[in-house]
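To start, the structure itself, in C-alpha cells.
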C-alpha cells in the first residue's frame, strides 16, 4: 500500500477549530446575542430606575393630599343636611265650569298630572266611590282620562285642559269592570306614584 499523499491526508482529517482564522464578521456573529442581551438588561435597569424615581416624586407630591384625606376620615363627619325629598310641589289648579273640570297647569305639569288633579277633585264629592277604588284603579283612570281628553301636544304653565264629566263617569265605569289579572298588571306601576298610596 502506498502512503496517501499529504494533500489527500489533509482532506481526510476533520476540520477542527480555526484559532488563527477568526474574522471580525464571525466575532460579531458569535457575540451579537450576548451584546443584545446586555443592552436589553441595561435598558430594563434604566427603566426601573426611572420608574422608581418617578414613583418617589409622585408620592412626595401626593403626600399633602393623602394627609388631608386621612384627617378628614379621622375627624367626625359633619351632620349631613336633610336630603331633598320634595318632588314637584307645583300642583295644577282645578276649577269647575258647569259639570266639567278645568285644570290650569303649573310648571312641570303634564297631561297625567292634570288628569290626576281632575280625578281627585271629581272623587272629592263621592267618598263611597273613592273608598272602593284601589291605587291600581286610579292608575288606570288617570291614563284613560288623559288619553280621552283632547289637549295640545306641547303644554306650558298656565295652559288649561278641560275634563268632561261624561269622560270621568265612563272611565269610572270601565275601571270598576277591570279583572283581577288586569289589576295585578297595573300594580307594578303603583310604586312609581307614591301619592296614590296616601289618602
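In UniProt numbering, the protein residues as written are 1 to 199.
Using N, Cα and C, we set each Cβ at its ideal position, and we do this for glycine too.
Using alpha carbons as the reference points, say which of the options lies closest to residue i.
i, options, result
"residue 128", "139, 148, 172", "172"
"residue 176", "153, 189, 154, 138", "138"
"residue 168", "151, 150, 141, 39", "141"
"residue 174", "189, 38, 136", "136"
"residue 166", "193, 192, 107, 119", "119"
"residue 151", "66, 124, 181, 115", "115"
"residue 96", "189, 59, 154, 161", "161"
"residue 104", "163, 55, 179, 181", "163"
"residue 143", "130, 189, 74, 72", "189"
"residue 94", "159, 187, 192", "159"
Is the beta carbon of residue j closer than 8 Å to that of residue i?
i, j, result
"residue 183", "residue 134", "yes"
"residue 117", "residue 91", "yes"
"residue 126", "residue 157", "no"
"residue 146", "residue 112", "yes"
"residue 110", "residue 155", "yes"
Quick one: grab the DSSP three-state call for residue i.
i, result
"residue 32", "helix"
"residue 153", "coil"
"residue 143", "helix"
"residue 195", "helix"
"residue 97", "strand"
"residue 180", "helix"
"residue 167", "helix"
Below 7 Å CB to CB, which residues in the same chain sit around residue i once its five sequence neighbours on both sides are set aside?
i, result
"residue 122", "101, 168"
"residue 194", "none"
"residue 99", "165"
Output needed for residue i: all residues of its chain with C-beta closer than 8 Å, excluding positions within five of it in sequence on either side, in chain order.
i, result
"residue 33", "none"
"residue 86", "Caution applies to residue 86, whose pLDDT of 49 falls short of 50 and renders its modelled position unreliable; the value that the coordinates give is listed next. So no residue of the chain qualifies."
Output needed for residue i: all residues of its chain with C-beta closer than 6 Å, excluding positions within five of it in sequence on either side, in chain order.
i, result
"residue 63", "none"
"residue 187", "136"
Suppose only complete runs of 3+ residues qualify. What are the beta strand (DSSP E) ranges in the region 98-139, listed by chain order?
The qualifying runs are 100-104.
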